[in-house]
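Here the structure is laid out as structure tokens; the discussion comes afterwards.
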Amino acid sequence: FQVINPFMDNPETMEVMQQFYHKYYQDSNNRKFIVGINPSRHGAGVTGIPFTDTKRLESECGIKMHSAYTHEVSSVFMYEMITQFGGVSAFYEEFYINSPFPLAMVRKAKGDQWLNANYYDNAVLFESLKDYMIMTLKEHIDMGLNTSEVFVLGVKNAQFIHKLNKDVKLFGDIKVLEHPRYIQQYKFKEKQIYIDKYILTLSGLL
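Dropping the structure here:
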């Protein structure tokens, strides 16, 4: 396993993050927390913004990143859902997305190809990161998030968030949604069903 740290590797990452968070989060709204897994190498692993590749950062958020150009399938799903929810401003007024581990992880596959990895792919890796992830989640919560319920993306991710929540009570009700990558990869024909499920769940109607 290796980590990708866009904050050290590319100074423009901090610039676009600052623009994004100033644009959508410069207020004191009591937002709900959407918890991902860890950044992907083409999404937040480049832009620093969860589920946001450079294409959607420019087309949906109006922020151009000059030093990189990326396309990430999870970002495609998320921004289609966000558009149907009511648009980026309406969505980010109500929700804050982040993950328990802030850096992208990759693992080497056959043919020396690097693939996205998850913090839970290896039991030793999870145990070594566990305390750090609890600290990271607490830091997000301390920004003033509503923790009465949390929305966790990915069924397996939810299993591990439940474990963390059992050790240290971070959240009230944990609602689980299928991960955007899983939907794009395995349930693409039913994508609209999952978009509807996201919107209904996030709106408290499911």
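For the sequence shown, our numbering begins at 24 and goes up steadily by one.
Idealized CB from N, CA, C, for every residue including glycine.
Predicted, not measured: the structure shown is a model, and the values here were computed from it.
- A straight line joining the alpha-carbon of glutamine 207 with that of methionine 158 spans about 31 Å.
- Lysine 212 is classed as exposed because its beta carbon has fewer than 16 other beta carbons within 10 Å across all chains shown.
- Nearest to glycine 227 by alpha-carbon distance, out of Tyr155, Ile197 and Ile120, is Ile197.
- Considering only Leu152, Gly134, Met104 and Trp137, the residue with the shortest C-alpha distance to proline 125 is Leu152.
- If you compare the alpha carbons of Ala67, Asp76 and Ala140 with that of asparagine 121, the shortest gap goes to Ala67.
- Below 8 Å, too few C-beta pairs join the segment 186-202 and the segment 78-89 to call them touching: fewer than three.
- If you look at asparagine 169, you'll find it in the beta strand (DSSP E) that goes 169-176.
- Residue environment: glycine 177 is assigned as buried (16 or more neighbouring CB atoms within 10 Å of its CB, all protein chains considered).
- The straight-line gap separating the alpha-carbon atoms of threonine 70 and asparagine 145 is approximately 26 Å.
- By the C-beta density criterion, tyrosine 221 is buried, having at least 16 other C-beta atoms within 10 angstroms.
- For valine 199, the enclosing beta strand (DSSP E) starts and ends at 196-200.
- Note on geometry: alpha-carbon atoms of methionine 156 and serine 51 lie some 25 Å from one another.
- Collapsing the DSSP output to three states places arginine 79 in a helix.
- Among the bridge pairs identified by DSSP, methionine 158 is matched with none.
- Taken through DSSP and simplified to helix, strand or coil, methionine 128 comes out as strand.
- Spanning the alpha carbons of tyrosine 143 and leucine 187 requires a straight line of approximately 12 Å.
- In the three-state reduction of the DSSP assignment, glutamine 49 falls in the coil class, being assigned neither a helical nor a strand state.
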